[in-house]
Amino acid sequence: MEGGTPAQRRVFYTALYRCYERMVDISEDGGYYSAFDHQVHQDPRPFYVDNWIWDTYRALEPLQTLLNPEQEADKIQSYVRMYEQSGWMPSFAVLWGDAPCMIGNHAAAWMADAWFKGVTNFDLSAAYAGLRKNSLDATLLPWRNGPKTRLDDFYNEHGWFPGLRPGEKETVAEVNPNELRQSVSVTLEQSYDDWCAAQLARQLGNVADYRLFLKRAAFYKNVYRADKGFVWPKDEDGKWIEPFDPKFPTGRGGRDYFAENNAYTYNWDVQHDFSGLIQLMGGPGAAEAKLDQLFREDLGVPRYAFYNYSPDSTGLVGEFVMGNEPSFVIPYVYNHLGAPWKTQKRIRQLLEFWFTDTPLGIPGDEDGGAMSAFVVFSMMGFYPVVPGVPVYEMGSPVFDRVTIRLHNGKTFRLICKNNSPDNKYIRSVRFNGRPQDQIWFRHSDVLKGLTIRLDMADMPDTSLGANPANFPPSSMNLNPATFE
31 MEGGTPAQRR
41 VFYTALYRCY
51 ERMVDISEDG
61 GYYSAFDHQV
71 HQDPRPFYVD
81 NWIWDTYRAL
91 EPLQTLLNPE
101 QEADKIQSYV
111 RMYEQSGWMP
121 SFAVLWGDAP
131 CMIGNHAAAW
141 MADAWFKGVT
151 NFDLSAAYAG
161 LRKNSLDATL
171 LPWRNGPKTR
181 LDDFYNEHGW
191 FPGLRPGEKE
201 TVAEVNPNEL
211 RQSVSVTLEQ
221 SYDDWCAAQL
231 ARQLGNVADY
241 RLFLKRAAFY
251 KNVYRADKGF
261 VWPKDEDGKW
271 IEPFDPKFPT
281 GRGGRDYFAE
291 NNAYTYNWDV
301 QHDFSGLIQL
311 MGGPGAAEAK
321 LDQLFREDLG
331 VPRYAFYNYS
341 PDSTGLVGEF
351 VMGNEPSFVI
361 PYVYNHLGAP
371 WKTQKRIRQL
381 LEFWFTDTPL
391 GIPGDEDGGA
401 MSAFVVFSMM
411 GFYPVVPGVP
421 VYEMGSPVFD
431 RVTIRLHNGK
441 TFRLICKNNS
451 PDNKYIRSVR
461 FNGRPQDQIW
471 FRHSDVLKGL
481 TIRLDMADMP
491 DTSLGANPAN
501 FPPSSMNLNP
511 ATFE
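Each residue of the sequence shown is one higher than the last, beginning at 31 in the numbering used here.
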């Protein structure tokens, strides 16, 4: 990194250091003890544990895929071995086995992202078998491992995870009494993971599974209530649950319907199909207005009362939550609305306000390097918005020059002219000297030794990236292998 202030460089390199916290290689002399089958194994490849994947799939693993692809393949193969040893693809693969933490089948997103970025030194067939089993045969319940329940059968048949009405007593014994059902979040996150599984099935030539998982990837639409403009819980009869407040869902921390956040955050948790989500919201103009409002929406109660209700929702800007992982992608959604200058504005604002070289320099849980990876990417000026689609989208680089020496011997460079705290807006883009009207680039071009040159200014060029033909790719039928 060149340029920036001493404080910014401290923030960047401290964050980069924390990105090497996980995973942890526990092999010694070609052997390791696995808590997944309680056996000692001999294997020339290292065995990695300790991955908080609900958090790390978003930015940390994509960062390591970019910086350390060989090591990333070993980490993924460790997950494959865990599946072969235990019968389930792990979620939070810790030292003592698979911890039943959070929700989703996010190993699918991690593995798809690595595969389509050329990290293929792992057993894809075995990995896919584990991912498939987790989606179809394991329970999707929050903070619960094991086989599916009647709620999972309902999800597989109807396409949404059913919620309970306020005051309705839980009847499913397997539901964690503290974490509840988190029904809307489960539906949204599983839809994305199944889209990633669909892409891996297509890579293996499994057309039937590709179609199955692509159908499941559209389940997110079942919990979007167009007349209200929010994702919304449904009961088992397919009726919208009332009363419901998008700011204050029921349950401890809103956990009847959501994971650590409210509907304002989860409204945007459809990474695999932003184009479809935007149409549900009424088109780009309406979606952009909704996104603008997110950053200025009133909390509805005094701040202390809001935190008492939702303690994970830290780092607030309006209803935007900088301190929790599902929000990381949100500032970049403007790139999909033809208004990338707003992404540039917000990213600089968030970095400058919430990430400093002080004791209060992180606005939420670090979560194994997950938040630090957001900082590293965003300070460099780009971000992996859709893990599983091998592209990066631009924000606003903090530094004058970024240089990454890649493992294949090539060098990636991002050079900013006239960069400063005021000059946060990109006025022109060149890839290897060629002018561009898009604000995203492919991982495959990075590996070839891409040089990006940006001209920065204190006023935005609102036409840059505004043509829908040049929007970043995120649609249901996209093939991340060919971009067709």
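Using N, Cα and C, we set each Cβ at its ideal position, and we do this for glycine too.
| Asked | Found |
| --- | --- |
| Coil, strand or helix - D303 by DSSP | helix |
| Euclidean distance between Cα positions of H99 and V54 | A small correction: the amino acid at residue 99 is Pro; His does not occupy that position in the sequence shown. Roughly 16 Å between the two C-alpha positions. |
| Buried or exposed (CB count within 10 angstroms, at least 16 for buried), D59 | exposed |
| N-terminal and C-terminal residue of the alpha helix (DSSP H) that Q517 is part of | Shown here, the chain extends from 31 to 514; a query on residue 517 therefore has no answer. |
| Outcome for V441 when other beta-carbon atoms lying within 10 angstroms are tallied against a minimum of 16 | It should be pointed out that residue 441 corresponds to Thr in this sequence rather than to Val. Per the 10 Å Cβ criterion, exposed. |
| Candidates F501, K478, P510: closest to L96 by CA position | K478 |
| Inter-residue spacing [alpha-carbon to alpha-carbon] between H188 and A238 | 19 Å |
| Which listed residue (G418, N449, P356) has its alpha carbon closest to that of A400 | P356 |
| Classification of T169 by the beta-carbon crowding that lies within 10 angstroms, buried from 16 upward | buried |
| Segment contact, 8 Å Cβ cut-off, at least three pairs: the region 451 to 461 with the region 340 to 347 | no |
| Contact check, A144 vs I106, beta carbons under 8 Å | yes |
| Closest Cα partner of G306 within the set F513, P332, A247 | A247 |
| Pair within 8 Å by beta-carbon distance, A439 and P427 | First, the residue type needs correcting, since residue 439 is Gly and not Ala in the sequence shown. No, the Cβ-Cβ distance between G439 and P427 is not below 8 Å. |
| Which of helix, strand or coil DSSP assigns to R378 | helix |
| Residues near I527 by beta carbon distance below 7 Å, same chain, minus five either side | One cannot answer for residue 527 here, as it falls past the ends of the chain, which runs 31 to 514. |
| C-alpha gap between N509 and C49, whole angstroms | 30 Å |
| Exposed unless 16 or more other CB atoms sit within 10 angstroms - verdict on A293 | buried |
| Beta-carbon proximity check, K320 vs G259, cutoff 8 Å | yes |
| contact_flag[the region 159 to 174, the region 111 to 119] where n(CB pairs < 8 Å) is 3 or more | yes |
| Alpha carbon of V496 to alpha carbon of F304, nearest angstrom | The residue asked about is misnamed: residue 496 is Ala in this sequence, not Val. Roughly 16 Å separates the two Cα atoms. |
| Beta bridge counterpart(s) of K258 as assigned by DSSP | Bridge partners of K258: none, in fact. |
| L484: first and last residue of the uninterrupted beta strand (DSSP E) it sits in | 481 to 487 |
| Alpha-carbon to alpha-carbon, F501 and K375 | 18 Å |
| Under 8 Å between C-beta atoms of Y109 and S213 | no |
| E423, enclosing beta strand (DSSP E) - first and last residue | 421 to 424 |
| Three-state secondary structure assigned by DSSP to F461 | strand |
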